[in-house]
Structure formats: C-alpha cells, structure tokens
Amino acid sequence: MILAAIDIGSNAARILVCEVEQRGKETNFNRLNLLRIPLRLGFDVFEKGFIGSKKKKMLIDTIKTFKQLMKVYEVEHYMACATSAMRDAQNAKEIIKEIEEETSIEIEVISGELEAEIIYENHFAELLDDKKSYLYIDVGGGSTELTLYHKSKVVLQKSFNVGTVRILTKKVKDSTWDDLKDTLKDLGREYQDLIGIGSGGNINKLFSISGTKNGSPLSTSTIKEIFAEMEPLTVEERMHKYNIRQDRAEVLVPALNIYTSVLKWANIDEIYVPKIGLADGLIHHLYDQVLN
C-alpha cells in the first residue's frame, strides 16, 4: 500500500511518500520520497495576520507539485494537514477552498493538541522504558508541542505558540513564554530524571552538526555550546560554517533558544533525536484509518 502525508508548516511544507508492508504482526513503513519546500508562510501570517498573494501562489504551486508526485508513485491514500500558520491565518479557509478547487487536494487545519497526538502515533513510545519518564519536544515555525510519557502512558499533550518564525517576527507573547516556563518547571518537579526526545528539521540538523553518534543522546551542554557559538554569527556566516541552507540558517538560532529553554526549565540533561516528525505521524495515523 502506498500512502502520502502532506504537512504544511509555518516554515516549510513537506510530502512524505511511504510504502507500507504488513508481514505477519510486523508493519514496515518504507520511505519512498520526502520533499521539503521552504514556503515560510509564518512570515506572512505572524506579521500581517494573513497569507499574501505571493505566498498563496507558492502554496498552490507546491500542492500541485505534491499532487503530481503522488500520481507518479500511484499513491492510494493521502492525508494533508496544516498547522500553526494556517491556524492563525485570517484567509486560511478561502485558500484551502481554492486549493481544493484547483487540485482536488483536501487540507485539514489541525489543532496543536491533535498535532502532538499525531506525532505520538509514530509508535516510537512502544520502544521506551516503561519505568522512565520522557518529554517529547517538537519545535516548529509557529508552535512547540510537548507530550509527556510516564510509564509508557501519555499524561500531558500541550501546544504553545512559541516557534522559530514567531520569534523571528517578534510575535511570541511574554505570557506564552511564561506559560511554557511554568508548565515545564511543574513537570520537572513532578517527574524526576526526565529524558528528552526531540523531533523536526532543526533538532535533526543540530544533531548532525554536533557530531553525536547515531543512537546516542545529545547533551544539554552540547546544545548550549552550539547556541553560544552560532548566535553571534550572521545568517551568511552560519550557512558557510555549518554548510546549511539559508532558511535553516535563519531558524536554527531561535530553535536553539527554544530547546535550551525547554531543557533547562524541565531539568533535562540529554535529548534523543529519532528521525521522526509530523509527516511520519500522519502516515501512521492514515494507515490506522485505512485499516479501520
């Protein structure tokens, strides 16, 4: 079975195409293609409150490209979701309607809580030690999703409007930072020896830059060191020094800011970085829907 997941975020849009094979009790999700387009919708939305004509055209063209890719791979089922920027955009409904009229692709704008829940559906929780407590941290362009697992059960799923693009556009409210801080400090007090799990392009790039061995956790001290090293540099200097694209060079520093803050407030010493994200969760979510 060939499935596709479209994730329209505040910084980029992605399509993940997977072949799903059922072998006995085991289900294998084999990635066939992952395409990322840096649309950066959040720069419009968080500054102006809506998606402008240029970004709208880019989004429609991107969805048309994704549709062609699905046709080539003979995708049988797909799911398309939009997150923080589209949640905030005043003209989201009319753009989604226009996209459906032009491409027949239906896009669902999901809540931050559902976003956290879908990421959880990667089923990686099955691999965790049921005696330990884990905080899953997903930092996006418009929001940060937290999911707390205690003894293999989800005890908290919460979304905060703190994201990399929101920081760059100076649209994160002090009250939101305070809410995030208070939530994390409470968790740090209640759950001892929390272990972090991070997802998304920024933490994956950070993991790569750090030179940490695959499967090993990234230490909080290493993240702080990279943050201190990267923050004073210009975007061009970051691109050159770390061999990264411009859009990644811009958002990495605010992402580091969020991660260092989260880890500090929750009293977390290390964070694991499995290569998973919302698109992976969408594939699992879609597969479960198809089966049922």
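The working numbering runs 59 ahead of the 1-based position in the sequence shown.
Ideal Cβ placement from N, Cα and C applies to all residues, glycine included.
On a predicted model such as this, the values are computed, not experimentally measured, just so you know.
The three-state reading of DSSP puts Ser267 in helix, counting H, G and I together. The way I'd put it, the region 296-315 doesn't touch the region 136-147; fewer than three beta-carbon pairs between them come closer than 8 Å. Along the region 148-222, the alpha helix (DSSP H) occurs as fully enclosed runs of 4 or more residues at 151-162, 171-179, listed in sequence order. Restricting attention to Ala325, Ile177, Ile335, the CA atom closest to the CA of His344 is found in Ile177.
Here the region 141-156 lies against the region 62-80, with 3 or more beta-carbon pairs under 8 Å apart. The Cβ neighbour count for Asn87, taken over all protein chains shown within 10 Å, is under 16; the residue is labelled exposed. For Gly340, no beta strand (DSSP E) encloses it; the enclosing alpha helix (DSSP H) starts and ends at 337-350. According to DSSP, residue pairing for Ala139 in a beta bridge involves Ile65. Assignment of Glu249 by DSSP, reduced to helix, strand and coil, places it in the helix class.
Taken through DSSP and simplified to helix, strand or coil, Val76 comes out as strand.
According to the DSSP assignment, Leu322 belongs to the alpha helix (DSSP H) that extends over 305-324. With distances taken between CA atoms, Glu309 lies nearest to Met289 out of Asn326, Met289, Lys323, Asp328. In the three-state reduction of the DSSP assignment, Arg146 falls in the helix class. Contact holds between the region 93-109 and the region 226-233, because three or more Cβ pairs, one in each stretch, are under 8 Å apart. The Cβ-Cβ distance between Leu246 and Ala175 does not fall below 9 Å.
For the pair Gly255 and Leu322, the CB atoms are nearer than the 9 Å cut-off.
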